[in-house]
Structures are given as structure tokens and as C-alpha cells.
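For reference, the structure discussed in these notes is given below.
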Amino acid sequence: MRVYNTLSGRKEELVTLEPQKVKIYACGPTTYNYIHLGNARPLVVFDTLRRYLAYRGYEVTYVQNFTDVDDKIINRSQEEGEEAIKLAERYINEYFKDADTLNILRADVHPRASQHIEDMIDAIGKLIDKGFAYEVDGDIFYRVKAFKDYGKLSGRSVEDMLSGARVEVDERKEEPVDFALWKAAKPGEPFWDSPWGKGRPGWHIECSVMSTKYLGDTIDIHGGGSDLIFPHHENEIAQAEALTGKPFVNYWMHNGFITINSEKMSKSLGNFFLLREVLDKFPADVVRFYLIATHYRSPLDFDDGKLEEARKALGRLKTTLMLVDEFQQDRSAVDEQLQESELLEKVNNLQQEFIVAMDDDFNTARAIGHLFEISHLINSYLAKASRDNAQDQAVVTKAMAVLKELGQVLGIFIDQESDQGAELEDVLQILAGLRQAARQEKDYSLADDIRHFLGSLDISIEDTPAGTRFRYEAVPELKLLMEKLIDLRASFKSQKRYEKADYIRDSLQQAGIIVEDTREGARWKIAEA
RNA sequence: GGGCGGAUGGCGAAGUGGCUAACGCUGUGGUCUGCAAAACCACCAUCCACCGGUUCGAAUCCGGUUCCGCCCUCCA
Numbered sequence: 005m006r007v008y009n010t011l012s013g014r015k016e017e018l019v020t021l022e023p024q025k026v027k028i029y030a031c032g033p034t035t036y037n038y039i040h041l042g043n044a045r046p047l048v049v050f051d052t053l054r055r056y057l058a059y060r061g062y063e064v065t066y067v068q069n070f071t072d073v074d075d076k077i078i079n080r081s082q083e084e085g086e087e088a089i090k091l092a093e094r095y096i097n098e099y100f101k102d103a104d105t106l107n108i109l110r111a112d113v114h115p116r117a118s119q120h121i122e123d124m125i126d127a128i129g130k131l132i133d134k135g136f137a138y139e140v141d142g143d144i145f146y147r148v149k150a151f152k153d154y155g156k157l158s159g160r161s162v163e164d165m166l167s168g169a170r171v172e173v174d175e176r177k178e179e180p181v182d183f184a185l186w187k188a189a190k191p192g193e194p195f196w197d198s199p200w201g202k203g204r205p206g207w208h209i210e211c212s213v214m215s216t217k218y219l220g221d222t223i224d225i226h227g228g229g230s231d232l233i234f235p236h237h238e239n240e241i242a243q244a245e246a247l248t249g250k251p252f253v254n255y256w257m258h259n260g261f262i263t264i265n266s267e268k269m270s271k272s273l274g275n276f277f278l279l280r281e282v283l284d285k286f287p288a289d290v291v292r293f294y295l296i297a298t299h300y301r302s303p304l305d306f307d308d309g310k311l312e313e314a315r316k317a318l319g320r321l322k323t324t325l326m327l328v329d330e331f332q333q334d335r336s337a338v339d340e341q342l343q344e345s346e347l348l349e350k351v352n353n354l355q356q357e358f359i360v361a362m363d364d365d366f367n368t369a370r371a372i373g374h375l376f377e378i379s380h381l382i383n384s385y386l387a388k389a390s391r392d393n394a395q396d397q398a399v400v401t402k403a404m405a406v407l408k409e410l411g412q413v414l415g416i417f418i419d420q421e422s423d424q425g426a427e428l429e430d431v432l433q434i435l436a437g438l439r440q441a442a443r444q445e446k447d448y449s450l451a452d453d454i455r456h457f458l459g460s461l462d463i464s465i466e467d468t469p470a471g472t473r474f475r476y477e478a479v480p481e482l483k484l485l486m487e488k489l490i491d492l493r494a495s496f497k498s499q500k501r502y503e504k505a506d507y508i509r510d511s512l513q514q515a516g517i518i519v520e521d522t523r524e525g526a527r528w529k530i531a532e533a
């Protein structure tokens, strides 16, 4: 398995500290707002990385922090009159809602800066003792010149930075490039007690401290967005390696940005979309698919059209799942009489190619391409297969298991549970029955009326030799379907087509829905409720 | 100014020395259908920003040019 390492600027064979075990630290969000789509990319990218490593037999330990002590949080809390830690906590909870929707697995540990102040004070003290930090008026700065490897990650030299320094210079610092480890508290700010007075930690120290605390002095992979390379990750290295004398991270991985009209999506430019706004318009699996359909290091341009395309593309894979589901007679009883099959041979080859693609720096784009090829093979096979043929059943089931398994590794098959599933399906089938009968009687206006009605609810209807099938992305509301059925029944009654009206009432009853006629009209209820 | 990366069909996006340049979207023709949708079948880049070089052979390596993005300030 090969991984692009920012440190060396090339792909390297992944050799973990311990065989078949991998320790990953991912930089998490600063929680002063809802996350935007740009924040979601590393979440999905590193979640996919993690799933894939687990799929390949690694025991993964995954740590993702929350920055809940920070200038932006303090500013926000002063604007809104909410205590900083409370505000941060509130957005941490909101973060989990978004992440869960996107099918992001929880980390093994989600450490928060606010809960590791003691550890940070301890680390800062040691850095001072070793000569890597100095105090000025209650502030502590890191002495960049003392760390000889400074700049090795971002590929720049201290000299270059000093000459081209655009940093607003704090005169008290020994060098403009020195950065804050500890900031003395200003009036009205949250603070903790330290040997240097009341204050709070700088941003960079938390990751060094929490990474080493939970994963050890040296870890395998540290990930985040490319904008963290400098200064954040550079400073993490300086802090941690000065402290331990050991390499901090073996593989640094950075994802590219999401752009809008080729400009980076960012809060300061104001061109961002909150993840939940996007999730309002598009299902989570589509968003996830969109985020990994491009290689993680490439820029990814955003607009609704791209998501629409992702919706259609993913829909193709889901269609295969649906077609197989429809084809299968009895899922449990297969598998025994499995014979040689050209389909399975090809599918197994594609599974290997999927692995080759993912092994090559997690090339999800190429891997997804192989998924489409599998999908295509299964669809073609299905078109000629026979439901009653045990061999066909076995082969298709086996092929689909591969597709599902690989989709699961990428996290793109998110099951959408419906709470009224049973009734809903029955009601749809009753509508299908009415339409089917209308078609047989050549009453196409009624047949089309039903189809158009369903179309208006974003349910599309497809006739197949085996019957009628429904497709929808958002689970439709039972209430609306019932209103239509009640309407139809009323019009049948007024036309004195009682056999149709009764068909509706009787089949609803069988489905567990009771229709009662009253003076004002009909009403309905679910029998068990 | 310094550092890093990119330029592939109508669009998106893989491919980093050698079979017909993946895959998806769109489009076209066909099968199927009361109509439709889905599915299936077939077709859609003699060419990979430009110029030069290395090589038997390059989109793929090297040099140069143009254009674009990112980082150097909080940012995933």
C-alpha cells in the first residue's frame, strides 16, 4: 500500500510502526459554527481511509480532536453572550449530527483542548526548560530558531520566512516567526491558571499534546486539509519533536480544497455552504459520493450541477442493488450449487482492481470506476438471467455481495430507514394495482393520472414484465398517498363503479389501514396504531 | 518575492514509458413499452495547454513558455 507523504513529496510504501496496526490523528474542527462543505471533505476522506485500512485487515486507532478553546470561539461567545465553553460544546453536538448523517464513524477518542489544559501547561513548561520556548509578560513563545528542522514539512526555510515576513510583528518576540504557546488572558476572556499567570493555550500545542497522549510519541498518519500544512502542522512538529526527540508523524496526508468558481471555499471569503444546507437539497449518500468521486488531493469544484451528476451516477449503482433485490427469490438458500461462472470471475478481478486502486494512495476515483464496471456486468447478466434458475440466483447473489461490500468500504451505501415502511409499500402496491387494471381496460387517462400523481411526489413508476416498480429518493408521505386513494375511491363511488371502490377499501384493510365512511367523507387510520 | 500543485473529449474525472486514453454525466441510434421510465446493446478524444529534447516508443521523463489554483495571516 502506498501513501503520498507531504513530508517527502512523494508516494511511499506504508510501513506502520506495528504490523497490521495503524495509528491515525485527524485534525478536527474549531467548533464555533456549523461545519461547511469544505470542512466535510477531510471528514469523509479520512473516514474512508480508515474504513479501507480496516477492510485490509489493519487494527485502526483513530483520534480526532475538537478545538474548543480559540479566539474565534471567544469572539463569538462575546457577540452572543454565551459562555465560550458552552458555545463550543453546543457546536460539538451539532457537529456530530452532521457527521453521523454523512456516515462518518466515531473516532476512538474525541479529545477536546479544554480538557487537556494541564497536559499542555506541562508540555510548555518542558519546552521552556529545554530552551525551545521563552516567556514575555505572561505570554509564552516557541523559539523557532532553536528547532533545526523547522520548515521541513512545508518546504521552506526559516531564513526565507524571516526575509519575506508578512507577519504582523509582535516586537516582544525574539523573531517574527516565533509563535504563541500560551497567551495571557485579556479582561473578560476565559482563562486557566498556569505558572505564568492566567491565560490559555495557543492553537498548535493542543494537537501535539493530545496526539502524543493518546497515540504515543510517534504515530503513523496525521491528516488534515492542505491549509494546515503551514503553520499548524509545521508547528506541531516543532513542538512535539523538540519535546520527545523522536519523529512525531511518519506519514502526513493532506486533502485538497473545495473550490467555488475555482476559488477556495472559506469562511473569510464568505463563499461557503453549510453542510446542512447541502444536505437539505441532496441525500447524504450523494454528498459522500460526490466528495470521494475525485481523488482526495485534487481540488474539487462545487456547484449544484456536480451534486446532481453525483446523484445520477450513484443512482446507477443503487439501481443494480434494486434490480438484484427484485431478482432474488430466496436469499438464504443460495450459494451451495455455485458453479464456475464467467461473471463471478470478472467481478472478482474487478474487486482485485478496486484494491489495487485503493492501495495506490487511496484512489477512490479509480476504485469507483471499477464499481461501475461491476454494476454494468451484473445488469447485463440480469437482463438474460432467469429467476427460476438456481445457478443464476447463486451467481447474482454472490456478485452483488461483492458490490455491496466494496460500496460499504467507501461508505456510499447508506440505508434509509422508513418508519412507515410496511404500510407505505402496500399502499403503493394498491395504487399500482389500480393502474394495472386501468391499463388492461385501456383506461389510459386513469393510468396516467396515477402515474402523474406519483410523479408529483417524486416517485417514478416503471413497468416491467414482472410487475410495477417504484423508485424514490425521499421516502414519500403516507398521508398524501392515502388522500389520493380516498379521492379515487370517492370518484369511483360517484361513478357507481363500486367494485373499484371496494377493491380500494378491501385491499387497504388487508394492509392494515381502515377506511371509515362518515357524513363529511372518508377518513382512515392505521389499524395497529 | 519565496514555497507547493495543476492544465486530459461537450462537462466531470482516472491514467505517469508501450494492447483499442478507465469510469460517470450529457448526446445519438437500436431493443423493450399503450405512452413513458428503467434496463440492455452500439456509437461519441488519431489525441492529452504550447515549444523543444531524451527514447525503438511519451499524455506519461527532462528543459522552457503560457495560463490557473493554493500556502507564506485564522481557515479543512
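Position 438 of the first sequence, counted from 1, bears residue number 442 in our numbering, the numbering being contiguous throughout.
Note that CB positions come from ideal geometry on N, CA and C, so glycine has one too.
Aspartate 141 versus methionine 124: straight-line alpha-carbon distance, rounded
Approximately 19 Å, taken between the alpha carbons.
Are phenylalanine 293 and leucine 327 close, meaning C-beta to C-beta below 8 Å?
Against a cut-off of 8 Å, the Cβ pair of leucine 327 and phenylalanine 293 comes out as no contact.
Could you say if the stretch 244-256 and the stretch 266-282 meet the contact criterion of at least three C-beta pairs nearer than 8 Å?
In short, these stretches do not touch, since the Cβ pair count stays below three.
Under the DSSP definition of a beta bridge, which residues are partnered with glycine 227?
As DSSP reads the structure, glycine 227 sits in a beta bridge with Ala30, Met257.
Could you work out which residue in Gly42, Met257, Asn107 is closest to serine 272 when comparing CA atoms only?
That would be Gly42, whose Cα lies nearest to the Cα of serine 272.
Who does lysine 388 pair with in a DSSP beta bridge?
None; lysine 388 has no bridge partner.
With H, G and I counted as helix, E and B as strand and the rest as coil, what does DSSP make of serine 460?
Under the three-state reduction of DSSP, serine 460 is assigned to helix.
Could you tell me if threonine 468 is buried or exposed, where buried requires 16 or more neighbouring beta carbons within 10 angstroms of its beta carbon?
Note on threonine 468: under 16 other CB atoms within 10 angstroms of its CB, so exposed under the neighbour-count rule.
Please report the straight-line C-alpha distance between glycine 415 and leucine 47, rounded to a whole angstrom.
Straight-line Cα distance between these residues: approximately 12 Å.
Considering Cα atoms alone, identify which of Glu330, Ser198, Asp452 is closest to glutamate 122.
In terms of CA proximity to glutamate 122, Ser198 leads the group Glu330, Ser198, Asp452.
Can you tell me whether lysine 177 is buried or exposed, with buried defined as 16 or more other CB within 10 angstroms of its CB?
If you draw a 10 Å sphere on the C-beta of lysine 177, you find 16 or more other C-beta atoms in it, and that means buried.
Have a look at valine 113 and valine 213 and give me their C-alpha separation to the nearest angstrom.
Answer to the nearest angstrom: the Cα atoms are 14 Å apart.
I need the boundaries of the beta strand (DSSP E) containing alanine 526, first residue and last residue.
Alanine 526 -> beta strand (DSSP E) spans 525-530.
In terms of residues, what are the limits of the beta strand (DSSP E) holding isoleucine 262?
Isoleucine 262: member of the beta strand (DSSP E) spanning 262-264, first to last residue.
Identify the continuous alpha helix (DSSP H) that holds lysine 488 and give its terminal residues.
Looking at the DSSP string, the run of the alpha helix (DSSP H) that includes lysine 488 is 482-498.
Simplified DSSP state of phenylalanine 195, which is helix, strand or coil
Here phenylalanine 195 sits in coil by DSSP.
With three or more beta-carbon pairs closer than 8 Å as the criterion, would you say the stretch 380-389 touches the stretch 66-79?
At 8 Å Cβ cutoff, the stretches do not touch.
Tell me whether alanine 288 is buried or exposed, calling it buried when 16 or more other Cβ atoms sit within 10 Å of its Cβ.
Classification of alanine 288: buried, given that the 10 Å Cβ count is 16 or more.
From Lys134, His236, Lys152, Asp133, pick the residue whose C-alpha is nearest to that of alanine 184; which is it?
Checked all of Lys134, His236, Lys152, Asp133; the closest Cα to alanine 184 is His236.
To the nearest whole angstrom, what separates the beta carbons of tryptophan 186 and tryptophan 207, a pair I think is in contact under 8 Å?
The pair is not a contact, with the Cβ atoms about 11 Å apart (cut-off 8 Å).
Would you mind giving the Cβ-Cβ distance between tyrosine 99 and isoleucine 39, rounded to the nearest angstrom? I have them listed as a contact below 8 Å.
So it is a contact: roughly 6 Å between Cβ atoms.
Tell me where the beta strand (DSSP E) around arginine 475 begins and ends.
471-475 is the extent of the beta strand (DSSP E) around arginine 475.
For lysine 217, the nearest candidate out of Ala389, Ile378, Asp126 (CA to CA):
Measuring from the Cα of lysine 217, the nearest candidate turns out to be Asp126.
Going by beta carbon distance, what residues of the same chain come within less than 6 Å of phenylalanine 261, once the five residues before and after it are set aside?
The beta carbon of phenylalanine 261 lies closer than 6 Å to those of Lys268, Pro303 in the same chain, with the five residues before and after it left out.
Measuring alpha carbon to alpha carbon, tell me which residue in Leu512, Ser81, Ser12, Asp308 is nearest tryptophan 256.
When each option's Cα is compared against that of tryptophan 256, the closest is Ser12.
Taking the alpha carbon of serine 511 as the reference point, which residue from Leu489, Phe496, Lys497 has its own alpha carbon closest?
Taking only the C-alpha atoms, the option nearest serine 511 is Leu489.
Rounded C-alpha distance that separates lysine 90 from glycine 192
C-alpha of lysine 90 to C-alpha of glycine 192: approximately 16 Å in a straight line.
Are threonine 71 and glutamate 210 close, meaning C-beta to C-beta below 8 Å?
For threonine 71 and glutamate 210, yes; Cβs fall inside 8 Å.
Less than 8 Å between the C-beta atoms of leucine 407 and threonine 324, yes or no?
One thing to note: leucine 407 has its Cβ within 8 Å of the Cβ of threonine 324.
Find out if the Cβ-Cβ distance for the pair isoleucine 264, phenylalanine 306 is shorter than 8 Å.
A contact, by the Cβ cut-off of 8 Å.
By DSSP's criteria, lysine 187 is part of a beta bridge. Which residues make up the other side?
Answer is Arg204.
Are the beta-carbon atoms of tyrosine 59 and glutamine 24 separated by less than 8 Å?
In this structure, tyrosine 59 keeps its C-beta atom at 8 Å or more from the C-beta atom of glutamine 24.
Near aspartate 182, what residues of its chain come up, given a Cβ to Cβ distance below 7 Å and the 5 sequence neighbours on each side ignored?
Result list for aspartate 182: Phe145, Tyr146, Arg147, Val148, in chain order.
Thinking C-beta only, is aspartate 224 closer than 8 Å to asparagine 254?
Going by C-beta atoms, asparagine 254 is nearer than 8 Å to aspartate 224.
With a Cβ-Cβ cutoff of 8 Å, do histidine 258 and alanine 369 count as a contact?
No, the pair does not count as a contact, with Cβ atoms beyond the cut-off.
Exposed unless 16 or more other CB atoms sit within 10 angstroms - verdict on valine 360:
Exposed is the call here.
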